[in-house]
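Here the structure comes first, spelled out in structure tokens, and everything after it is commentary.
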Amino acid sequence: MPRTLPAEPRVSPEVVAAHGLTEEEYAAVRAILQREPTYTELGIFSVMWSEHCSYKSSRVHLKTLPTAGPRILQGPGENAGVVDIGAGLAAVFKIESHNHPSFIEPTQGAATGVGGIIRDIFTMGARPICLLDSLRFGPLTQGKSRYLLGGVVAGIAGYGNAVGVPTVGGEVAFSESYAQNPLVNVLCLGIAAADRLFTARAGGRGNPVIYVGAKTGRDGIHGATMASETFDETSEERRPTVQVGDPFREKLLIEACLELMATGEVVGIQDMGAAGLTCSSCEMASRGGTGIELDLTRVPRREEGMSPYEVMLSESQERMLVVVRRGAEETVRAIFGKWDLDAAVVGTVTDDGMLRVLDGGSVVAEIPANALAEGAPAYRRPAVRPAWLDALQEADLSTLPPPGDWGEALAALLASPAIACKRDIWRQYDHMLYLNTVVLPGSDAVVLRVKGHPGGLALSTDGNGRYCFLDPYVGGMIAVAEAARNVTCGGAEPVALTNCLNFGDPTRPEVMWQFAEVVRGMGDACRALGTPVTGGNVSLYNETLGRPIFPTPIVGMLGLLEDIRHATTQWFKGAGDLVYLLGETRDELGGSEYLKRLHGREEGRPPALDLARERAVQEACRAAIRSGLVRSAHDTSEGGLAVALAECCIPVEGEPIGFSGSLPGALRPEAAFFGESQSRIVVSVRPRQGPALEALARRHGVPCTLLGTTGGPTFTLTAGGATLRAPVEALAEAWRGGFAAAASWGAP
Amino acid sequence: MRFGILVFPGSWSHQDFQYMLGDVMGFEAQVVWHKATGVEGFDCLILPGGFAHGDYLRAGAIARFSPVMPAVIRFAERGGLVLGSCNGFQILCEAGLLPGALLRNASLQYRCQWVHLRVESTATPFTAALAPGRILRMPISHGEGRYHADAETLRRLGGEGRVIFRYCAPDGTQAPEANPNGSAEHIAGICNAQGNVLGLMPHPERAAEGLLGSEDGRLLFDALLARVPG
Amino acid sequence: MLRARVTITLKQGILDPQGDTVRSALAALGFDGVADCRVGKFVLLRLTESDRAKAAAQVEEMCRRLLANPVIEDFRFELEEIP
Amino acid sequence: MLRARVTITLKQGILDPQGDTVRSALAALGFDGVADCRVGKFVLLRLTESDRAKAAAQVEEMCRRLLANPVIEDFRFELEEIP
Ligand SMILES: Nc1ncnc2c1ncn2[C@@H]1O[C@H](COP(=O)(O)OP(=O)(O)O)[C@@H](O)[C@H]1O
Ligand SMILES: [Mg+2]
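Next comes the structure, spelled out in structure tokens:
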């Protein structure tokens, strides 16, 4: 029976409620312990059973996602997913959110998010080689959104650059729904030897449990609980939970941990992320089927007078927990000493299944580890289709006033911050370190070579919250399909994905319905496209003052190139090439950027998705790339065909190349130009290779339409009896300058 | 030719230099931990990019006191070749091996991008085989690369042919838009009076393979090969 | 004329990696008499206001609204007369 | 105990884009009484030395060797008694 320290507050009903536990959950705690918890134990239960750590609302749905495949070495359940990429190598990757901290303090919130996801990767024994950032803010017409954007980008740059992991891609989108609740999702990928992976399991009774890294302070106590609450007016006052990242220490931690792993002495290793020492110790014990006994007096600290409660719940950054073979303590100390990092034996592995916490001589907590981890509650919460959805979906989009000038409408879309070139963001990130970036940011997917491998990897993050808002099932499918399509355009075969699910308060039946539908859509798309889910992260309670964000799944797709020479970009390569459209254009304007930007409406049904067609189009595109036909490939996404073609014309730097052509058929012009029909890819080929491409498409059963030719100073597209014409220079200016103008970022 | 590539806590380009010099160019290249006290046996030392000691306080300020630095200084004084790129350039300035200092970029933002450089002088072995005026394309990646020196120093550097690279437009002209960080006189790289110590903000190791978009970075080391055979 | 010397530091208890690193660097140089080190920002403002009380109120307001980040930083300032 | 408050600024004549940016940001917020703004660094050192003269000599030396770079920066410091 643990001793309650005299200084600890009494566990009253109010204290229980303040810890976010329901009455039923508290009853379950008492049933597990067969007594009242101490204050420290209450804190431990509260963080471990928080939504953030326990996935209590989402688990039943996540279980429906496909997670297995011949290439999958590790699916969900460890710190990151692992994919066999051949040549004896494995790609280890995962995406994670840091939405709530980034709203309170954008720079440090985003920075510590980067630090956290990097730790998840090297924990598995992989050297982190790249990051991608997926961001959502309110409209840039609002000063607060510009401030958050600037702060978040500075935070990612500040941490990622210094720690030496290049940020090679990402995406950013804007909507009023994120104004009080920005999203900051960061993906990290690392490379490991496929036969030298590490897991977060505590094994071997008597093995030492070693704390390594930075010292513990009162940082972010209850961060995990904060990420499990909605915001109100007082949120910005929750100062003490803000943590400051130290990329320098993290860099040392990466090197020291990889060096330690190479010694063969490591039994299990886990980073201290949300819920710090608590989460890492009970999860390692629970996964290993063992117990852990910790002595808090041995935990390195940087502040005086910290209580056991504070030490267990601190979320100080840049710390890891390692279990090594007995007798290897000195090896650990020597390696960490070389890197000027703390390493302290703080406990031992036991075989009684308990997380036992000692403070000096007395036991301050004693809980079955498994009850905290796998044993956390799981709910199938009520889910109800929102009543307002029908009206939104049925909105009449048949009679939209056409713009005065189609060319100006295109320029306006190209300058829209959602579509405009994001160079102003990515040039603040080192995106070339490690000499891998073969296709730089700016194209559909980033392509990385992998040293020691004949091919490489392509990556893209995608997720259209507006589509999901208008139809979560279709939106969920499209998130997967679009990410896969981007990777295909880069010349790679999509093989697996990680995802971050950002939603509102799960106790609202409408939000829960959105969640369930998005997951159902993602699962169907994953099965159809053969891309299992290797893990991810769920971020709920993304709402402020009762207004939830758009349901926003972010998919991070991993693609594999068997030959790095297949790396493909979206840009036309010269004048006189033929431009084709793979796929089909339908009358679909619902949920489009055109509708939002030019008509201020976020309504209608998102474009339909036929998964068989999607798969065929992507296969055709990859086959064409592999056979050497394709000079450029670019999928159509936000802004539709006209925007996609214009983007092919405009490289990030250098001279744009014109285009002239038409889309046959009887569609109305706005749908032809700007509708966002799915499963379409624009490719260019040398003139004499047109017939070969057409034959290849026919073999794949994919519609293939000759649109026109590249070259000249103008961009001309005819469709539905209308002609869109603009000087390609003017379009280039709109696309290249749009973002800086909207973000009020000065020129160089 | 044997290269020693220094590694400070927080360095990150040493791996890239080792790959470029060793795997791509076929030199012997070895990393040297900053706590080493000797640098015997090397013909050329590389101080790579990164954030040594987090670049806390000032870039390079703490690294210059690393245990290895006295040996680096002796090596340079005896005429050994030293190349500092990015953070390495900053450390060389802090250590007094090169004049001036590198300040925060005028944009106040980090910049990672391709730039063009004009070879201004052949006063160092690294550029001895290149024609002055030649344009090279290489990436930069830094937040503190704005070169500063007092007027007298700038005059001397110019007069003695010690400005080795200046940022320029693709056609070689100098324009403020082509200066990515606001450096004085568009300076991207300088050398010491003897010419054996070169510091530059760009990353030659990132421009050594056609796959990555440029092979111009190799030229600095090809030139070396031409001068010091073996 | 008045000049404000504003110093801004991270709040007590918030990790200051820069300060910690500088302290170790000083110790490595032999300066072992530094018990603690915090690194912050310094802002020097030349003011057109010549009334001390008014100037102080203005600077206080500038710190609150822009110069310091109230979430993680504390500030302090003094005014000095300059020619 | 003694505490040193060290302020470090860019030398006169060196472009300080951060100072200029802060000044414009202040002006945009309506603070138009700022004639000039410079942004520098602030280092707060808690010293174990209790003798003022010795402490001052130590801090002077720390500034010269590490805290400030004489090519670009000036420094100034004061000592204050703390409990
Ligand atoms: N926040 C960001 N950080 C880094 N790169 C970004 C960011 N936002 C966009 N990019 C890059 O800009 C390009 C276009 O992004 P996006 O418009 O999302 O493309 P797509 O519509 O093909 O998904 C991509 O190469 C992407 O990596
Ligand atoms: Mg795309």
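Protein chains in written order, with my numbering: chain A, 1 to 748; chain B, 749 to 978; chain C, 979 to 1061; chain D, 1062 to 1144.
Heads up, the beta-carbon is just placed ideally off N, CA and C, and yes, glycines get one too.
All figures in this text were calculated on a predicted structure; none of them were measured in a lab.
Handout entry: DSSP bridge partner residues for A:Met719 (one or two, in chain order)
Key = Checking the sequence shown, residue 719 of chain A turns out to be Ala, not Met. Looking at the DSSP assignment, A:Ala719 forms a beta bridge with A:Leu663 and A:Ala722.
Practice task
State the Cα-Cα distance for the pair A:Glu233 and A:Gly113, rounded to the nearest angstrom.
Solution key: Residue placement at A:Glu233 cannot be trusted, given a pLDDT of 47 that sits under 50; the coordinates are not used to answer.
Practice task
Starting from C:Gly991, find everything on chain A with Cβ-Cβ shorter than 7 Å and list it in chain order.
Solution key: What C:Gly991 touches in chain A: Gly217, Arg218 and Glu303.
Exercise for the section: Return the bridge partner residues of B:Val755 from the DSSP annotation. Expected result: Partner(s): B:Trp781.
Problem - Which of helix, strand or coil DSSP assigns to B:Ala897 - result: DSSP places B:Ala897 in coil when its eight states are reduced to three.
Exercise for the section: Find the nearest neighbour of B:Pro950 within the set B:Arg910, B:Leu831, B:His801 and B:Glu900, judged by alpha-carbon distance. Expected result: Nearest to B:Pro950 by alpha-carbon distance, out of B:Arg910, B:Leu831, B:His801 and B:Glu900, is B:Leu831.
Exercise for the section: Locate the beta strand (DSSP E) running through B:Tyr915, then write down its first and last residues. Expected result: That run of the beta strand (DSSP E) goes Val911 to Cys916.
Problem - Cα-Cα separation between A:Glu78 and A:Glu293, rounded to whole angstroms - result: Distance between the alpha carbons of A:Glu78 and A:Glu293 is about 22 Å.
Practice task
My understanding is that A:Val345 touches A:Arg385, with C-beta atoms under 8 Å, so please give their C-beta distance in whole angstroms.
Solution key: Cβ atoms of A:Val345 and A:Arg385 stay farther apart than 8 Å, at about 54 Å.
Problem - Through-space distance from B:Ile821 to B:Gly978, alpha-carbon basis - result: A caution first: B:Gly978 carries a pLDDT of 38, below 50, which makes its placement in the model unreliable, though a value can still be read off. A straight-line Cα-Cα distance of about 24 Å links B:Gly978 and B:Ile821.
Handout entry: Contacts around A:Pro37, its chain only, beta-carbon distance under 7 Å, and the 5 residues preceding and following it disregarded
Key = Closer than 7 Å at Cβ, skipping near neighbours: Val11, Val29 and Phe45.
Problem - Environment of D:Ile1143 [buried if 16+ CB atoms lie within 10 Å] - result: By the 10 Å Cβ count, D:Ile1143 comes out exposed.
Practice task
Quick one: which residues of the region 1109-1123 of chain D get their C-beta closer than 7 Å to a C-beta of chain C? List them in chain order.
Solution key: Residues of the region 1109-1123 of chain D with a C-beta atom less than 7 Å from some C-beta of chain C are Thr1109, Glu1110, Gln1119 and Met1123, listed in chain order.
Exercise for the section: State the start and end residues of the unbroken beta strand (DSSP E) segment that holds A:Phe749. Expected result: There is no way to answer for residue 749 of chain A, as the model of chain A reaches only from 1 to 748.
Exercise for the section: Could you tell me the distance, in whole angstroms, from the CA atom of B:Asp898 to the CA atom of A:Val495? Expected result: About 56 Å.
Exercise for the section: State buried or exposed for D:Met1062, treating a residue as buried only when at least 16 other CB atoms are found within 10 Å of its CB. Expected result: It counts as exposed.
Practice task
With DSSP collapsed to three states, give me the class of A:Ala743.
Solution key: In the structure shown, A:Ala743 falls within a helical segment according to DSSP collapsed to helix, strand and coil.
Exercise for the section: Hey, could you find the ends of the alpha helix (DSSP H) A:Met261 is sitting in? Expected result: Note, A:Met261: alpha helix (DSSP H), Pro247 to Met261.
Exercise for the section: Could you tell me whether the Cβ of A:Leu435 comes closer than 9 Å to any Cβ of chain B? Expected result: Chain B has a Cβ within less than 9 Å of the Cβ of A:Leu435.
Handout entry: Where C:Ala1031 falls, given that 16 or more other Cβ within 10 Å makes a residue buried
Key = The residue is exposed, with fewer than 16 neighbouring Cβ atoms inside 10 Å.
Handout entry: Distance between C:Lys1019 and A:Asp462 (C-alpha atoms, nearest Å)
Key = About 38 Å.
Problem - Test item: CB-CB of D:Asp1124 and C:Leu1022 under 9 Å - result: As written in the sequence, residue 1124 of chain D is Cys, which differs from the Asp given in the question. No, the pair does not count as a contact, with Cβ atoms beyond the cut-off.
Exercise for the section: Find the residues of chain C that neighbour A:Arg249, judging by a C-beta separation of less than 7 Å, and give them in chain order. Expected result: The contacting residues are Pro995.
Problem - Segments of 4+ residues assigned as alpha helix (DSSP H) that fall wholly inside the region 113-163 of chain A - result: Here the runs fully enclosed are 143-163.
Exercise for the section: For B:Gln942, count neighbouring C-beta atoms within 10 Å of its own C-beta (all shown protein chains included) and say buried if the count is 16 or more, exposed if not. Expected result: So B:Gln942 counts as exposed.
Problem - Identity of the residue in A:Pro182, A:Ile85, A:Ala528 and A:Ser637 nearest A:His98 by Cα - result: When only C-alpha atoms are compared, the closest one is A:Pro182.
Handout entry: Within chain D, the residues that C:Leu1007 reaches when beta carbons sit closer than 7 Å
Key = By Cβ distance, chain D contributes Arg1126 and Leu1127.
Problem - Outcome for A:Ala387 when other beta-carbon atoms lying within 10 angstroms are tallied against a minimum of 16 - result: It is exposed - the Cβ of A:Ala387 has fewer than 16 other Cβ atoms within 10 Å.
Exercise for the section: Take the Cβ of B:Gln922 as the centre, count every other Cβ of all protein chains shown within 10 Å, and call the residue buried at 16 or more, exposed below. Expected result: When all chains shown are included, B:Gln922 counts as exposed.
Exercise for the section: Spell out whether any CB of chain A is found under 9 Å from the CB atom of B:Glu953. Expected result: It does; some Cβ of chain A falls within 9 Å.
Problem - Beta-carbon proximity check, A:Gly521 vs A:Gly476, cutoff 9 Å - result: Yes, Cβ-Cβ distance for A:Gly521 and A:Gly476 is below 9 Å.
Problem - Boundaries (first-last residue) of the beta strand (DSSP E) holding A:Met320 - result: Counting along the chain, the unbroken beta strand (DSSP E) around A:Met320 starts and ends at Arg319 to Val324.
Problem - Helix, strand or coil at B:Val816 according to DSSP, with G and I counted as helix - result: In the three-state reduction of the DSSP assignment, B:Val816 falls in the coil class.
Handout entry: Limits of the unbroken beta strand (DSSP E) element including A:Val648
Key = Looking at the sequence provided, one finds Cys at residue 648 of chain A rather than Val. Looking at the DSSP string, A:Cys648 is not in any beta strand (DSSP E); the run it does join, the alpha helix (DSSP H), is Gly640 to Cys649.
Handout entry: Residue closest to D:Pro1131, alpha-carbon to alpha-carbon, out of B:Phe790, B:Ala843 and B:Tyr915
Key = Answer by Cα proximity: B:Ala843.
Exercise for the section: Please confirm whether A:Ile335 and A:Glu283 have their CB atoms less than 9 Å apart. Expected result: The Cβ-Cβ distance between A:Ile335 and A:Glu283 does not fall below 9 Å.
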